[in-house]
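Going line by line, the protein sequences match chains E and B.
Using our numbering, read the first sequence as starting at 132 and increasing by one per residue.
Using our numbering, read the second sequence as starting at 3 and increasing by one per residue.
Beta carbons are placed, not taken as given, at the ideal position from N, Cα and C, and that holds for glycine.
All figures in this text were calculated on a predicted structure; none of them were measured in a lab.
Note sheet for the following structure.
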Amino acid sequence: MSAYRILRGLTNLAVLVVTILMLFTLQTASAAPEIQVWETQHGVPVYFVEAHEIPMVQVSMGFKAGSANDPTDKLGLSSLMSQMLTMGVEGMGQDSLAEAIESTGAQIGASSDADKVVASFKSLSEAGIFQKASELFGKTLSKPTFNPDVLERERARRLVGLERQKQSPGVMAGKAYAATLFPDHPYGLPASGDESTLAAIDQSDLVAFHQKYIVQSNLVVAVVGDMTRPQVESWVDGLLASIPLGRLAGDVSVPMVPAASEQFISFDSQQSTILIGHQGIPRGHPDFIPLIVANYILGGGGLVSILADELREKRGLTYGVSSGFSRMVSSGSFTIRLQTRNDKRDEAVGLVRDVLGEFVENGPSEEQVQNAVKHLAGSFPLSTDSNSKVGRILMAIAYYGLPVDYLQTYIAELEAVDLKRVNQVVKQHMRPEDLIQVVLGGSVTEE
Amino acid sequence: MLKFKKHSLVGYSLFWVAAALVLVSCGEQEVMQPSSQQLRPVTGSGSLAEFSARVHEETLGNGLRIIVKEDHRSPVVVSQVWYKVGSSYEPEGITGVSHVLEHMMFKGTDVYGPNEVSQIIAANGGSENAFTGYDYTAYFQQWEKSRLPLSFEIESNRMQNLLLSKDEFIKEIEVVKEERRMRTDDNPDAWLYEQFGFEAWQVSPYGQPIIGWRKDLDSMAVADLADWYERYYAPNNATVVVVGDVIPDEVFELAEEWFGALEPSQVELNNPPPEPRFASGRDKTVERIARVPSFIRGYYVPVISADNPKDWEPYALEVLVYVLDGGQSARFEKTLVRKQQLAASIWTSYDATTRLDGLITFGGSPSQGVSTDELIAGLEEQLSLVRSAPVSQLELDRVKAQLKAADVFERDSVFYQAMKIGRLVTIGLNWELEETRLEKISTVTPEQVMAVAKKYLVANNATTVKLSPKESNPEDTINVGEGA
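Take a look at the structure:
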C-alpha cells in the first residue's frame, strides 16, 4: 500500500497541510476543504478535514484486511469478522452493546471489500455523547468477542442471504463475470463466502483473523467534522492505545489475464443481464484521469454517453447501460453492463461490441473530449459538498496513498487531457479482442 | 416499484427507502434516502429559529411557489421543481402515465431537441434526474451555484412547451417497460410489494404501482400523456425548491424573470374516496419462482392531515415504529432476529407524510427451518405486547437520542434538505411542519404509543400477503452452460 510508503518517507514532515483549491472551468469558487495529515507515534497516518458547520464527526478506519486475505476454504471470513465487530464486546453482549450505542444516537459499523475493511463511526460532536460513543467504537475494534452462538446465528442468516442472491439476476451475473475475469484469484471470489466456506469458519478463525489484521500497521484513519486538530490527535492516540501494532499484511497478487470468452447462463427472468469487459487498471495507474474522460464519453456519462445514445435513446433497448473502470490495489476491471428483454439480447450484445469497436478504432471527437472535460471539471464541487462525500474521498486518498494534493492536481490533469491522449489510452485500455462476455437470462419465448 | 428495497450484500435487513421513487437515471440502483424508518428527527434546542431563519418562501402572481433554504457550506445549489401529480392521481387504465410523462420531459420541447437538456446540463458540470412517487413528480439539477439560472431556464420552458413526439414516445415506452422488468418483474421482493398493494387497497389509488401495470403501459398512447401534461403541468400546481449557497432575494428575482410570465391553468382537484374498512383481516398467499419465502403485512393508519396537523396519532405511530424496529436495540432485532431467531430479516415502514391515508407495513423472511406463519405469529406476539403495556422510558429515551442525531446527520445533504421541503408542500402540508412535528414527536407519551397500537394494530385492520417460492422448471434453473 503506497500510502504507507509515501507517508513514512516523509519523516520530517510531522505536519503536512495542503489546501485543496477547487479550480474548475466554469466559475471560480473557493470552497477549500483543507486536508491535514500527520502520523501517530507508531506511524499510523491520520487524515483530517475540520468542518464546524454541523455538530457531527465521522471517522473511517481503513485496515488492510480485505477478503483477498481469506483462506480459499474459508471465504467470507473478512466479511463475517467485520460484521461481528459490533455483535458483542468484552463485558457487553450484543443486546447491551446495541442499546449503549443507539442510546447515544451514534452509528457504528464495519464493512469489507477485497482490499480492505473499513470501520466507520458517526456521532454528534457534543462532548459527552461523542466520548461515550467513541469508547464503544474503540471496544468494537479492540475487544470483540465473536461469540460462537452469534456466529451460528449469523451464518444461518447469511445462508438465507445467499439464497436471496440467487433470486437476483444482477448479482448472479456479476458473480459469474467476476469469476471469469479473475480466474483462481481472490478478486474473482465472492467476498461474502458460499455455503461450504461459511460452514468451515469457526470462532478461532475470526479471532485469529482479527488479531492478525486489525492492527495499527495495517491502518489509516480519516476524520471529518466538528473537532480541532489537537482534539483529533489526542482522540486518535487514545483510541489506538488498545489496538496492537501488529505487522503490515502482504500485498494481493496480480491476477493472471483470462482469454476472451462468451458464457450464457440460463435464468428465470424476463430480462437478460449482460456484462462485457476485461481486466483494467489498478489503483494508482497514471492513465486513470484520461481514462475517466474516455469512459465518460463511451458509457460513464449517464444519458449523454455514446452507449446510452445508441441503445437507449435511439432504440429503446434498455433502461440502463453504462461502462466503468473499477480499480483495486492489484488489478481492476473495465465493464459494460446492461439489461434488456430476452428477445433483444443478441441485438444488444452486437451493438455494444460494434460501439466499442468503433470507439477504439476511430476514437471520440474533439468536441466530445471537450464536453467530457467540461463536465468532469465543472461537476467537481459536487463531489465535496458534504461531510460524508469529503469523508469518502479522504478515505480513498488515505488508503490508496494518493498524494494529498490529489484533488488539486486532479482538476489540472483533467484539463490537460486532449484528444490525442484520450485516443492513446483508449487503444491501450479498451481491447475488443480480449472481451469476457457473460449473458444471464431466460428463454426468448417468454413475456 | 412502489418503494425500493435495498439489502446488504447477503441480505440481512431490508431497508426501505423513505421516499417512494421511480428514478429515470441510467440504471444504477440509485436510491434517495437513507434512514430505514420514516421518523422525522427531533432537533436540538433552538434549532427551530435557526431553521426558519434560513427558509424563505414567495409565491409568484401565477401561483408558483418558490421556497429557498440557504446552506453556504459549499458553492453548490440544488434546484427541484415539484408537481402535484403522481401515480395516486391516475385513473384505472392509464396507471404509470405520470412516470412515463416524466421520461418524456427529457425528449424535447419547442426549444430543446430530444435529450438536449441532459447534454446542456452535463456540459455545465451538472447532475440531473427526476423521480415520480405516489403523490408527486419532481425534476432536479445539482451544480455549481452560478448555474442556477440555467435550471430555471430549462424548467420554465418544459413546464409548458413539451413536444411529446410520437417517434420519441414509441422508443421511450420500451425503455419504461425495460425499467419495469428490471425493477419489478425480475425482482421477487418488489413484485411481492406490488401484489401486496393491490390486495391491501381496494379503493385507494395507492394500490396501483407507480411504474404502472404492464397492460396499461402496453396500451398507453401519446394522447394520454398530452392530456396529463395539459392538466397538471402549470405554475399554480408546482413548487420550486432551491437549497444551497444562494441569496433568497436573488432567487426570487430569478424565478420571477423565468417563471413569471407562465400562464396558470385550471387544475382539477382529485380527491379519491376514503378506503373502506374491512370487517375482517385479509390473508393471501401468492406463488412465484423464487428462493426465499417472505411476507408483507399492512395495517391501515392515518397520516398527518393538512386539516388537522395537530392530531397526535401519526406522531405516536412514528414513535411506535422506532420502538419496534428503529435499530439493532429495537424490539424486532432483539427478539425476532436474535432471541427467538424466527426472522432472517425483518423490516417496518410507515410514512406519515402522504396525501391520502396510509399503511404501517411489516415484512421479512423467516430463518431457515422456520415457516412464514411461525414468523408472523412471532410478529403478532410483539404487536400484542405494545397493545397491552406502555413502552418503557428507556426505549423512548433511546428513540429520542436517535432522532436528535439523525436530524443533525441529515443536514449534511443539501439534496435531502430540498427533498424534505418539496415532499411536504407537494402533499399539501406546510414546510414548517417539519419543525412542529419534531416537537410533537418529542411529546409523545408511552400511553399514546399503546393507544395507537391498540386502535390500529388489530386483526381486522390487517392485510397479509405471503410469497411462497415455487421451483422453476429444472431445465431453466441456474445452470452454467458454455457457448451462446
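Range of the contiguous beta strand (DSSP E) that encloses residue i
| i | result |
| --- | --- |
| residue 408 (chain E) | 402 to 411 |
| residue 155 (chain B) | Here residue 155 (chain B) belongs to no beta strand (DSSP E); instead the alpha helix (DSSP H) covers 150 to 160. |
| residue 322 (chain B) | Careful: residue 322 (chain B) lies outside any beta strand (DSSP E), inside the alpha helix (DSSP H) at 315 to 327. |
| residue 286 (chain B) | 284 to 291 |
| residue 392 (chain E) | 392 to 397 |
| residue 366 (chain B) | 360 to 368 |
| residue 322 (chain E) | Per DSSP, residue 322 (chain E) belongs to no beta strand (DSSP E) and is neither H nor E. |
| residue 106 (chain B) | Taken as a continuous stretch (DSSP letters only), residue 106 (chain B) belongs to no beta strand (DSSP E), being part of the alpha helix (DSSP H) at 99 to 106. |
| residue 344 (chain E) | Where residue 344 (chain E) is concerned, there is no enclosing beta strand (DSSP E), although the alpha helix (DSSP H) it sits in stretches over 334 to 344. |
| residue 342 (chain B) | First-last for residue 342 (chain B): undefined, no H or E at that position. |
| residue 178 (chain E) | 176 to 181 |
| residue 569 (chain E) | 567 to 572 |
Cβ-heavy atom distance, residue i to the ligand FMN, below 6 Å
| i | result |
| --- | --- |
| residue 213 (chain E) | Absent from the structure shown: the ligand FMN. Ligands present: none. |
Start and end residues, alpha helix (DSSP H) containing residue i
| i | result |
| --- | --- |
| residue 123 (chain B) | 118 to 125 |
| residue 539 (chain E) | 537 to 547 |
| residue 295 (chain E) | 279 to 296 |
| residue 493 (chain E) | 476 to 493 |
| residue 369 (chain E) | 360 to 371 |
Test item: CB-CB of residue i and residue j under 7 Å
| i | j | result |
| --- | --- | --- |
| residue 231 (chain B) | residue 90 (chain B) | no |
| residue 355 (chain E) | residue 522 (chain E) | yes |
| residue 183 (chain B) | residue 334 (chain E) | no |
| residue 113 (chain B) | residue 159 (chain B) | yes |
| residue 207 (chain E) | residue 323 (chain E) | yes |
| residue 470 (chain B) | residue 201 (chain B) | no |
| residue 249 (chain E) | residue 193 (chain E) | yes |
| residue 479 (chain E) | residue 404 (chain E) | no |
| residue 264 (chain E) | residue 235 (chain E) | yes |
| residue 469 (chain E) | residue 569 (chain E) | no |
| residue 399 (chain E) | residue 369 (chain B) | no |
| residue 88 (chain B) | residue 141 (chain B) | no |
| residue 279 (chain E) | residue 515 (chain E) | no |
| residue 168 (chain B) | residue 77 (chain B) | no |
| residue 254 (chain B) | residue 237 (chain B) | no |
| residue 121 (chain B) | residue 435 (chain E) | yes |
| residue 414 (chain B) | residue 528 (chain E) | no |
| residue 187 (chain E) | residue 256 (chain E) | yes |
| residue 294 (chain B) | residue 294 (chain E) | yes |
| residue 314 (chain E) | residue 389 (chain E) | yes |
Beta-bridge pairing of residue i - partner residues as DSSP gives them
| i | result |
| --- | --- |
| residue 83 (chain B) | B:141, B:242 |
| residue 71 (chain B) | B:57, B:245 |
| residue 471 (chain B) | B:290 |
| residue 240 (chain E) | E:251 |
| residue 387 (chain E) | In the DSSP output, where bridge partners are listed per residue, residue 387 (chain E) has none listed. |
| residue 472 (chain E) | E:402 |
| residue 275 (chain E) | E:220 |
| residue 465 (chain E) | E:409, E:456 |
| residue 193 (chain E) | E:249, E:351 |
| residue 439 (chain B) | DSSP, once it has assigned bridges, lists no residue as partnering residue 439 (chain B). |
| residue 130 (chain B) | B:143 |
| residue 296 (chain B) | B:469 |
Of the residues that make up the segment 433 to 464 of chain E, which ones have a beta carbon closer than 9 Å to any beta carbon in chain B?
433, 434, 435, 436, 439, 440, 443, 444, 445, 446, 447, 448, 449, 450, 451, 452, 453
Chain E contacts made by the segment 438 to 457 of chain B, where a contact means CB separation under 8 Å
none
Three or more C-beta pairs below 8 Å linking the segment 420 to 438 of chain B and the segment 272 to 279 of chain E
no
Three or more beta-carbon pairs under 8 Å between the segment 233 to 249 of chain B and the segment 80 to 94 of chain B, yes or no?
yes
Would you say the segment 540 to 558 of chain E touches the segment 402 to 422 of chain E, given that touching needs at least three Cβ pairs under 8 Å?
yes
The segment 380 to 389 of chain E in contact with the segment 504 to 515 of chain E per 3-pair CB rule at 8 Å
no
Output, in sequence order along the chain, the residues in the segment 232 to 245 of chain E whose CB is closer than 9 Å to any CB in chain B.
232, 233, 234, 235, 236, 237, 238, 242
Using a Cβ-Cβ cutoff of 9 Å, what residues of the segment 173 to 197 of chain B are near chain E? List them in chain order.
173, 174, 175, 176, 177, 178, 179, 180, 181, 182, 183, 184, 185, 187, 188, 189, 190, 191
Chain B contacts made by the segment 172 to 199 of chain E, where a contact means CB separation under 7 Å:
184, 185, 186, 187
Kindly confirm or deny that the segment 168 to 186 of chain E and the segment 335 to 343 of chain E touch, where touching means at least three C-beta pairs closer than 8 Å.
no
With 8 Å as the C-beta to C-beta threshold (strictly closer), list the residues of the segment 145 to 166 of chain B near chain E in chain order.
145, 146, 147, 148, 149
Taking beta-carbon pairs under 8 Å, can you tell me which members of the segment 401 to 413 of chain E lie near chain B?
401, 402
Is the segment 88 to 108 of chain B touching the segment 209 to 229 of chain B, taking contact as three or more C-beta pairs under 8 Å?
yes
Listed from N- to C-terminal order along the chain, which residues in the segment 332 to 346 of chain B have their beta-carbon within a distance smaller than 7 Å of any beta-carbon of chain E?
336, 340, 343, 346
Assess, as a yes-or-no matter, whether the segment 373 to 381 of chain B is touched by the segment 439 to 448 of chain B under the definition of 3 or more beta carbon pairs within less than 8 Å.
no
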